[in-house]
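Have a look at the structure below before the remarks.
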Amino acid sequence: MSVVMIVEDELLEQEFLRALALDELTPEDTLLTCDSGEQAIKLAKQYRPNIIFMDVIIPETDGLTAIQEIRKFLPGACITILSAYSDFSYAQRAINLKVFEYLLKPIQPSAFKEVLGRMLKTVCEGHVPAEDSPADRIVETREDRQYFIEESVKFIKEHFKERLTLEMVASKVFVNPKYFSHVFKREMGVAFTEYVIQLKIQYACRLLETTNYPAYRISLECGFSDPSYFNRVFCAQMNTTPQAYRKFSHASKSRD
104 MSVVMIVEDE
114 LLEQEFLRAL
124 ALDELTPEDT
134 LLTCDSGEQA
144 IKLAKQYRPN
154 IIFMDVIIPE
164 TDGLTAIQEI
174 RKFLPGACIT
184 ILSAYSDFSY
194 AQRAINLKVF
204 EYLLKPIQPS
214 AFKEVLGRML
224 KTVCEGHVPA
234 EDSPADRIVE
244 TREDRQYFIE
254 ESVKFIKEHF
264 KERLTLEMVA
274 SKVFVNPKYF
284 SHVFKREMGV
294 AFTEYVIQLK
304 IQYACRLLET
314 TNYPAYRISL
324 ECGFSDPSYF
334 NRVFCAQMNT
344 TPQAYRKFSH
354 ASKSRD
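Just add 103 to the spot in the sequence shown (first one is 1) and you have my numbering.
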């Protein structure tokens, strides 16, 4: 009999993982769920789980610290980390804590079930198999992440003049919108919405410099449905109005 504990603070994600786990467990197994590090430590002391799925960013006590505490009284527990973060410092701590696997969100059902199956087998056999370290697997996922960022940027640059949403772009690269938003900001140094606005305003500047289009047409050409909103965004980005920018641009060319 196995005692499995899932620690995840997002209710929908917790229910999702719980359903996947129930598909793989037998009626004799016990499945526990909780949403904070402190609860995880208390449940671990009470029920002594031999398999644990631990989210990293959870309330009260973070996942890695909770694992460190649990290791003091359950040194042989088979633990897998769930995280939207793949920073190598997390991997280093994970290795030191002897985690079984490091799964990056969004969790794929097949990946979760495969890992749970291996954990159940490991617990049954009473040993941890020699495999690639979590750090090795994170390097692979980092390459995957770089690829989807490159693909998403390419798609954004092709479609920024349209009414583009984060959900649309995330679906094009087959990742969860929340995860996409987090990774995009970290990799690009700017939030998705801000990045799209920057592209729109850069294009607006080129149109102001090279055409005699009125502001409302430039607004439409750049994908803004409301000219007044376009003016506000342009002023916020450029610290001047579109009309003033055009005059300054033309005056600069005349002097040249």
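Note that the Cβ used here is the ideal one computed from N, Cα and C, for glycine as well.
A quick note: this is a predicted structure, and the numbers were derived from the prediction, not measured.
Per DSSP, the continuous alpha helix (DSSP H) segment holding Leu-123 begins and ends at 114-127. The criterion of a C-beta distance shorter than 8 Å is satisfied by Tyr-298 and Met-291. Setting aside the 5 residues that flank it on each side, Glu-163 is surrounded in the same chain by Ser-139, Gly-140 and Glu-141, each with a C-beta closer than 7 Å to its C-beta; the list follows chain order. Within 10 angstroms of the beta-carbon of Asn-153 lie 16 or more other beta-carbons, which makes it buried. Pro-178 and Asn-279 have their C-alpha atoms roughly 34 Å apart.
In the three-state scheme derived from DSSP, where H, G and I count as helix and E and B as strand, Phe-283 is classed as helix. By a beta-carbon distance limit of 8 Å, Ile-144 does not contact Ala-180. Their separation comes to about 12 Å. Distance from the CA atom of Thr-225 to the CA atom of Glu-111, rounded to whole angstroms, is 23 Å. Phe-176 is not bridged by DSSP to any residue. Val-107 is the residue among Cys-137, Glu-131 and Val-107 whose C-alpha sits nearest the C-alpha of Ala-124. In the structure shown, Cys-325 adopts coil according to DSSP, grouped into three states. Leu-200 sits in coil when the DSSP states are folded into three classes, being neither helix nor strand.
Judged by DSSP secondary structure, Val-107 falls within the beta strand (DSSP E) whose first and last residues are 106-110.
In this structure, Val-218 lies near Glu-204, with their beta-carbon atoms less than 8 Å apart. Only buried fits Glu-116, as 16 or more other CB atoms lie within 10 angstroms of its CB.
Cβ neighbours of Ser-352 within its own chain (closer than 7 Å, five residues either side excluded): Leu-311 and Glu-312.
Boundaries of the beta strand (DSSP E) around Ser-186: 181-186. Nearest in C-alpha terms to Met-222, of all of Cys-308, Thr-314 and Met-104, is Met-104.
Short of 6 Å from the beta carbon of Tyr-319, and not among the five residues preceding or following it, lie these beta carbons of its own chain, in chain order: Pro-330. Per DSSP, the continuous alpha helix (DSSP H) segment holding Thr-313 begins and ends at 295-313.
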